[in-house]
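Numbering (the working numbering), first residue to last: 101 to 306. Comments concern the structure below.
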């Protein structure tokens with residue numbers, strides 16, 4: 101492997117921060133967990149795994165090809181990664197008090213329905229691949245990645261959010277009161293946004 105344990109730890113930390121930021125997957129998971137408990141939510145978490153592996157893999161291959169054609173593009177993408185985290189952080193802080201809503205279409209009972217809901221949520225967001233295209237060059241030199249490196253990155257890309265999703269589903273009763281508390285939600289979003297901004301400021305010096 102060409103990437104260090106430190107780089108992987110930093111990347112895992114960024115994935116954790118992203119998980120802690122409420123988004124489409126949170127909405128889907130909360131909707132199913134509130135309607136059917138952990139039994140209804142864990143298949144959705146497994147469906148999300150497919151996209152969590154696919155998007156970074158495609159991003160790595162795509163960025164590596166682009167870099168091989170356009171010299172200097174990797175440096176540009178590193179600044180894109182910086183801008184991505186800064187923008188996300190400021191936007192989250194700005195809308196810190198915004199409530200999370202649920203979609204009844206995500207609560208159809210059944211394990212297969214839950215898996216498909218997770219798959220649709222993660223694959224129905226093509227912006228994910230562009231996010232990874234912007235983020236990954238901020239943590240790794242994509243021109244030097246080997247297949248074991250790619251496997252490790254993809255493994256972390258699904259493991260960190262999967263663990264987080266399962267923990268969230270298992271503690272959904274607490275999460276329900278937490279998510280419906282405007283004060284708690286605002287504080288969490290401010291902290292998460294601030295941490296994303298911090299990551300964005302650190303990336304240029306990696």
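From the three backbone atoms N, C-alpha and C, an ideal C-beta is built for every residue, glycine too. As the structure is a prediction and not an experimental result, all values here were calculated from the model.
Problem - Meets three-Cβ-pair contact criterion under 8 Å: the segment 211-221 and the segment 239-256 - result: Look at the beta carbons and you see the segment 211-221 not touching the segment 239-256: under three pairs across the two are nearer than 8 Å.
Practice task
Please state if the CB of residue 111 and the CB of residue 239 are separated by a distance shorter than 7 Å.
Solution key: As a first step, residue 239 is located in the chain shown; it is residue number 139 there, counting from the start. As a first step, residue 111 is located in the chain shown; it is residue number 11 there, counting from the start. Contact: yes.
Exercise for the section: Could you tell me the distance, in whole angstroms, from the CA atom of residue 162 to the CA atom of residue 151? Expected result: Numbered from its first residue, the chain shown carries residue 162 at position 62. Numbered from its first residue, the chain shown carries residue 151 at position 51. Going by the C-alpha atoms only, they are around 16 Å apart.
Problem - residue 194 versus residue 282: straight-line alpha-carbon distance, rounded - result: As a first step, residue 194 is located in the chain shown; it is residue number 94 there, counting from the start. As a first step, residue 282 is located in the chain shown; it is residue number 182 there, counting from the start. Roughly 14 Å separates the two Cα atoms.
Exercise for the section: Let me know if residue 132 comes out buried or exposed under the rule of 16 or more other beta-carbons within 10 Å of its beta-carbon. Expected result: As a first step, residue 132 is located in the chain shown; it is residue number 32 there, counting from the start. So residue 132 ends up on the buried side.
Handout entry: Which of helix, strand or coil DSSP assigns to residue 103
Key = Residue numbering aside, residue 103 sits at position 3 when the chain shown is read from its first letter. In the structure shown, residue 103 sits in coil (DSSP, three-state: anything other than H, G, I, E or B).
Handout entry: residue 120 (DSSP reduced to helix, strand or coil)
Key = On the chain shown, position 20 is the one that residue 120 refers to. For residue 120, the three-state secondary structure derived from DSSP is coil.
Handout entry: Simplified DSSP assignment, three categories, for residue 257
Key = For the purposes of this step, residue 257 is identified with residue 157 of the chain shown, where counting begins at 1. Looking at residue 257 - three-state DSSP - the assignment turns out to be helix.
Handout entry: N-terminal and C-terminal residue of the alpha helix (DSSP H) that residue 214 is part of
Key = Counted from its first residue, the chain shown places residue 214 at position 114. That run of the alpha helix (DSSP H) goes 211-223.
Handout entry: Selection from 124, 142, 254, 248 that minimises the alpha carbon distance to residue 102
Key = As a working note, residue 102 is residue 2 in the chain shown. Among 124, 142, 254, 248, the Cα nearest to that of residue 102 belongs to 248.
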